[in-house]
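According to the UniProt record's numbering, the residues represented by the sequence shown are 1 to 201, in order.
C-beta: ideal position from N, C-alpha, C; glycine also.
Before any comments, here is the structure.
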Amino acid sequence: MLSRQCCRGRYGSAAATSLQRCEEPSTICKYQIRRHLIMLARGIIGRGLLGLLRNLNFVRTLSLKPNFSKLKLREQPPGNIVGTVNEAYEIPLVSPYESSYHWTYERILAAGLVPMAAFPFVMGVDFPYVDTAFCLAVLFHAHCGIKSCIIDYIPERVYGFWHKAACKLLSLGSFVSMYGIYLIETSENGLFDLISKLWSS
Numbered sequence: 001m002l003s004r005q006c007c008r009g010r011y012g013s014a015a016a017t018s019l020q021r022c023e024e025p026s027t028i029c030k031y032q033i034r035r036h037l038i039m040l041a042r043g044i045i046g047r048g049l050l051g052l053l054r055n056l057n058f059v060r061t062l063s064l065k066p067n068f069s070k071l072k073l074r075e076q077p078p079g080n081i082v083g084t085v086n087e088a089y090e091i092p093l094v095s096p097y098e099s100s101y102h103w104t105y106e107r108i109l110a111a112g113l114v115p116m117a118a119f120p121f122v123m124g125v126d127f128p129y130v131d132t133a134f135c136l137a138v139l140f141h142a143h144c145g146i147k148s149c150i151i152d153y154i155p156e157r158v159y160g161f162w163h164k165a166a167c168k169l170l171s172l173g174s175f176v177s178m179y180g181i182y183l184i185e186t187s188e189n190g191l192f193d194l195i196s197k198l199w200s201s
């Protein structure tokens with residue numbers, strides 16, 4: 001009876017009921033209490049780990065199924081009206097390469113193409129630096145013009161992925177054209193000489 005009260009006081013009623021045969025506080029009683037506590041701890045830890053594994057949601061990081069949702073056009077609101085009149089206007093980020101600045105660049109570039117194009121015909125001599133500057137100016141002028149067409153006719157708000165793909169394809173074509181200009185200026189006598197040969201032939 002003394003051992004049961006001792007078990008209830010130290011380890012609770014569950015340990016005391018499982019140790020009904022223990023009649024005196026001895027080493028056997030302590031061993032049984034220790035074994036019972038170890039089994040109880042294992043059960044609690046096991047149930048906790050099992051619940052944790054059930055709650056975990058393992059997601060595959062690699063999927064072989066292609067995702068074509070990003071290739072679809074974006075749905076637009078009726079009338080392309082976004083927001084309400086009560087929402088504050090968000091000022092777009094100012095960039096020295098976009099907005100109204102690029103129109104100024106294009107005007108200066110277009111005005112500079114005229115004297116560079118007439119220079120070899122007036123002087124009668126081909127200058128490699130003028131030829132290279134003219135080729136790069138024409139390339140940049142064409143790049144800006146095609147980029148404006150992409151922005152107007154393939155807007156990002158509607159086409160999304162296709163707008164970015166068109167811009168990257170344009171940039172790739174511009175870099176390939178720059179390599180072509182390098183080949184013309186190094187292996188040949190330049191663009192003006194090539195045009196004169198084609199014209200005379």
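| Query | Result |
| --- | --- |
| Rounded C-alpha distance that separates L93 from E75 | 25 Å |
| Enclosing alpha helix (DSSP H) for K164 [first to last residue] | F161 to S187 |
| Backbone CA spacing between A142 and E188 [nearest angstrom] | 23 Å |
| Alpha-carbon to alpha-carbon, P155 and F161 | 10 Å |
| Backbone CA spacing between E173 and A118 [nearest angstrom] | It is worth fixing the name first, because residue 173 is Gly in this sequence and not Glu. G173 and A118: Cα-Cα distance of roughly 27 Å. |
| I195 vs C135 beta-carbon contact at 8 Å | no |
| Exposed unless 16 or more other CB atoms sit within 10 angstroms - verdict on F192 | buried |
| With 16 other Cβ atoms within 10 Å as the buried cut-off, status of D152 | exposed |
| Residue closest to L183, alpha-carbon to alpha-carbon, out of P115, A88, W199 and D131 | D131 |
| Nearest-angstrom Cβ-Cβ length linking L109 and F140, presumed shorter than 8 Å | 6 Å |
| For E87, three-class secondary structure by DSSP | coil |
| Burial state of G120 (16 or more Cβ within 10 Å) | Correcting the residue identity first, residue 120 is Pro in this sequence and not Gly. It is buried - the Cβ of P120 has at least 16 other Cβ atoms within 10 Å. |
| Exposure label - S201; buried when at least 16 CB within 10 Å | exposed |
| Rounded straight-line distance, which links the Cα of S148 to that of Y105 | 13 Å |
| Close beta carbons around H163, own chain, < 6 Å, minus the five adjacent residues each side | I154 and E156 |
| Cβ neighbour criterion (16 or more within 10 Å) applied to E24 | Reliability fails at E24, whose pLDDT of 49 lies under 50, so the model's placement of it is uncertain and the value that follows must be treated cautiously. Counting Cβ neighbours within 10 Å, E24 comes out exposed, since fewer than 16 surround it. |
| Buried or exposed by the 16-neighbour rule on C-beta atoms within 10 Å, applied to I91 | exposed |
| DSSP state of P128 mapped onto helix, strand, coil | helix |
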